[in-house]
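Notes follow the structure.
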């Protein structure tokens, strides 16, 4: 179908000069016509996930794209899907290069996708009112506010807005479901491989953000010992590229910790995005909205792949495993003896035969990275919602594991090999957006891929329309909602082509592995972990 594309629409003033390290300021209206025919640049960044060396993008980046069907089949206002891009809060873009509308706009919806500030420019925090942080998340909320105020002019329904995203985009969805700033702007949510309980994207532990802010100041030539106002004045006069370049100075081994600048709990003030830890919010307002949530079957391949394919990396990893694991899996905020105990338990559970993983024996390594980085947090989020469901009447939620072997794997981008190791983190995005053709020139989808893609689009769009992924009068296998814990979930696709099905309902998502992480309590604040373990005794 033909699509109307409105590209590079400004939703906030350029966050430069005195607006750097401040909440977004709405762009407002303009007089006359504005050409909306060109993608905006990505927010300035350097991407460690693909081992990028150059800095790309612009600080003037707060723009969004709107896509509408040229000839809608319905005269009613269309449901709106707002995509929040992933990239670990340090990289990525919402623009057409990655998130083109070709697939989703075969259906009667409106798609919106935008940029938000990244890395230190989006998430630096002094933990004071001088620079409270979370500017990238506040940018996302400003996109939602823009949609609420303007989407009717594009034929969209401001009362039917579904937010969806993968990885840090999925975590962003959960953040938008807990902040009061977005209440009333969102009506349904799809969370793909990321929640605010994942170690790398959860709110940073107290004291760390301020320490990192002083280190950024020192690295760019500001006096880190001065008061915050003087430091910020100095930082606002530095080149954006110099500030972004500091990111790589925060990695302690390889590119770990993978997200050096995380969201934060802010001091209470007007306009604060988050003032309490999400774990301390019993029932976020977003639990009153329909939810789809899931993971891929081998999320951790984004790290396994480089470990297995970059010369020397795996040997170094094994030689320094006691030092690396707390940093890589984000439990280095605990006391040294607690870190040692957590490492010991991890090794006993995942590596019963020692660290013997290699190119032919990597499943346990991938399982550990998958669980620590993604699956355990998603499981915790689902369980919290199920527990809330027992005392409140909440709308349905639907869980999935994506298991389709894609024609080209994103693990090729994370490592240096086109070998098949499994279904990597973010693999499902190739079935929602056509970026596989940009990234993998030789990519050739099979009949199974095309069938699954058409089904996935139907399910995602129908959920945005109705709050239920199974369209009425569809020949798709019904996707049943979660009714308790352990959860029933939809397995989407299959790694073995001969056993392919679009959807098969299954039960108990990674049961033993999730029980292990629940008792381990590796990612919660140190004092909270002590208290919980004491209470359990």
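Numbering (this note's numbering), first residue to last: 628 to 1164.
Where is the CB? At the ideal position from N, CA and C, for every residue including glycine.
In angstroms with no decimal places, state the Cα-to-Cα distance between residue i and residue j.
i            : j            : result
residue 1093 : residue 734  : 14 Å
residue 766  : residue 1125 : 45 Å
residue 642  : residue 841  : 21 Å
residue 728  : residue 953  : 40 Å
residue 692  : residue 1020 : 36 Å
residue 1018 : residue 1055 : 33 Å
residue 959  : residue 1153 : 10 Å
residue 966  : residue 981  : 19 Å
residue 718  : residue 1106 : 33 Å
residue 839  : residue 876  : 10 Å
residue 1046 : residue 1091 : 35 Å
residue 939  : residue 1156 : 36 Å
residue 721  : residue 730  : 16 Å
residue 1031 : residue 979  : 29 Å
residue 651  : residue 774  : 15 Å
residue 1164 : residue 1158 : 10 Å
residue 995  : residue 1129 : 27 Å
residue 697  : residue 654  : 27 Å
residue 1036 : residue 862  : 40 Å
residue 710  : residue 1161 : 42 Å
residue 1114 : residue 1136 : 7 Å
residue 880  : residue 937  : 14 Å
residue 1010 : residue 661  : 47 Å
residue 1097 : residue 917  : 13 Å
residue 904  : residue 942  : 38 Å
residue 850  : residue 858  : 7 Å
residue 1003 : residue 1016 : 20 Å
residue 947  : residue 811  : 49 Å
Measure the Cβ-Cβ separation of residue i and residue j and say whether it is below 8 Å.
i            : j            : result
residue 890  : residue 830  : yes
residue 637  : residue 694  : no
residue 870  : residue 748  : yes
residue 820  : residue 1052 : yes
residue 707  : residue 789  : yes
residue 955  : residue 836  : no
residue 679  : residue 757  : no
residue 786  : residue 814  : yes
residue 778  : residue 924  : no
residue 648  : residue 751  : yes
residue 944  : residue 935  : no
residue 1079 : residue 1120 : yes
residue 726  : residue 1150 : no
residue 886  : residue 716  : yes
residue 1127 : residue 1095 : no
residue 737  : residue 782  : yes
residue 1022 : residue 1072 : no
residue 776  : residue 667  : no
residue 1005 : residue 1122 : no
Determine the burial state of residue i: buried for a count of at least 16 other Cβ atoms within 10 Å of its Cβ, exposed for fewer.
i            : result
residue 920  : buried
residue 1132 : exposed
residue 1134 : exposed
residue 1057 : buried
residue 963  : exposed
residue 998  : buried
residue 703  : exposed
residue 930  : buried
residue 657  : exposed
residue 895  : exposed
residue 932  : buried
residue 673  : buried
residue 628  : exposed
residue 1082 : buried
residue 817  : buried
residue 671  : buried
residue 645  : exposed
residue 809  : buried
residue 907  : exposed
residue 714  : buried
residue 973  : buried
Hey, would you say the C-beta of residue i is under 7 Å away from at least one heavy atom of the ligand SAH?
i           : result
residue 995 : Absence of the ligand SAH is noted for the structure shown, with no ligands found whatsoever.
Per DSSP, residue i is paired with what?
i           : result
residue 883 : 880
residue 637 : 690
residue 788 : 707
residue 919 : 817, 1025
residue 783 : 705
residue 664 : 634
**Prompt:** Going along the chain, which unbroken runs of the alpha helix (DSSP H) with 4 or more residues stay wholly within the region 693-774?
**Reply:** Every alpha helix (DSSP H) of 4 residues or more that sits fully in the region 693-774 is shown, in chain order, as 746-750.
**Item:** Completely contained alpha helix (DSSP H) runs for the region 933-1012, where each covers 4 or more residues
**Value:** Under the rule that a run must span 4 or more residues, the alpha helix (DSSP H) segments found entirely inside the region 933-1012 read 940-946, 948-955, 963-977, 990-997.
**Prompt:** In chain order, which alpha helix (DSSP H) runs of at least 4 residues are fully inside the region 1069-1115?
**Reply:** Counting whole runs of 4 or more residues, the region 1069-1115 contains the alpha helix (DSSP H) stretches 1074-1093.
**Asked** What are the uninterrupted segments assigned as alpha helix (DSSP H) that are 4 or more residues long and contained completely in the region 794-882, given in chain order?
**Response** 795-803, 835-846, 855-862, 867-872, all fully within the region 794-882.
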